[in-house]
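Below you'll find the structure, written out as structure tokens, and then a few comments.
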Amino acid sequence: MTAGAVMPGSATPRPVVSGGRYVRGMGIYLVSVGAQEWLDGGEDDEDEGGRGALASALDDELRRRGLAPYESVPETAAFVRGSGLSFEEKLAPAMDGFGALCREHLSPEEGELLLGWTVLVPFSIDEEIRLPVASPYTDETVVAGAPEVLALAQRLAAVIGLPVEAIPEACDNLDLTFWFLEGQAKETAESRPGPWGEDLDTAFYVALYLRAAEHSLRRGCPMTYC
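Residue numbers for the sequence shown follow my numbering, so the first one is 1019 and each next one is one higher.
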């Protein structure tokens, strides 16, 4: 089962306390990764929070393809709500509608590209990279390029008429998740009607992949599930 197709845990997100920060609970999250976590560690680094083995394997494959290694990973920034310097969203809504949207408007290869990656990197990759390094939800790591994922997400956003400028751009701490789950999306759909407002769960995933790819490109950082 690909990471993008894994259903989230059963825990319900807790509301953010005014002025505070959401404390991560059970479930699947899509997050940005900083330099220390990305580059540190060795063969068993996943158990210690690092991804050094993955970073090394990716660089080896990039060199094999005649490409430069991926070494310019930014450090994790201090958390500041609304800064857009970090990314953390929860895969909370059901994905059935989003999967159907992908099957209707994307080719099987495009759908696999959008849903099948376990690591997203901020540069173009002509062909996905499969690495024999375990990820949290699969036995291997599939690496995709943010430019390709962004292009597919933009196509789907156009199909459903997603008002991109109205949804949260900074996704530091479940901003997008709560926008869709706590009523703001429904309110916006009343003033900005369109296909997107008829299935907010599907719209959430279009927005999620769109914002994740944008964040990766803007910050130059990898994205992964945890």
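Even glycine gets a Cβ: it sits at the ideal position worked out from N, Cα and C. Keep in mind it's a predicted model, so treat the numbers as computed, not measured.
Chain-order list of residues whose beta-carbon lies under 7 Å from that of Ser1142 (same chain, five-residue window excluded): Gly1163, Pro1165, Glu1166
Do Leu1180 and Ala1225 have their C-beta atoms within less than 8 Å of each other? yes
On the CB-based measure, 16 or more other CB atoms within 10 Å of its CB, does Val1137 come out buried or exposed? buried
What's the C-alpha gap between Pro1186 and Gly1129?
25 Å
- Who are the Cβ neighbours of Asp1190 in its own chain at under 8 Å, not counting the five residues just before and after it? Phe1097, Val1098, Arg1099, Gly1100, Ser1101, Gly1102, Leu1103, Ser1104, Phe1105, Glu1106
*Roughly how many angstroms lie between the CA atoms of Glu1158 and Leu1072, to the nearest whole one?*
10 Å
Just to confirm the assignment, what range does the alpha helix (DSSP H) spanning Val1177 have? 1164-1178
Exercise for the section: May I ask you to report which of helix, strand or coil DSSP gives Arg1039? Expected result: Any reading at Arg1039 must be qualified, since the residue scores a pLDDT of 37, below 50, and its modelled position is unreliable; no value is offered.
Name the DSSP bridge partner or partners of Arg1148? Val1160
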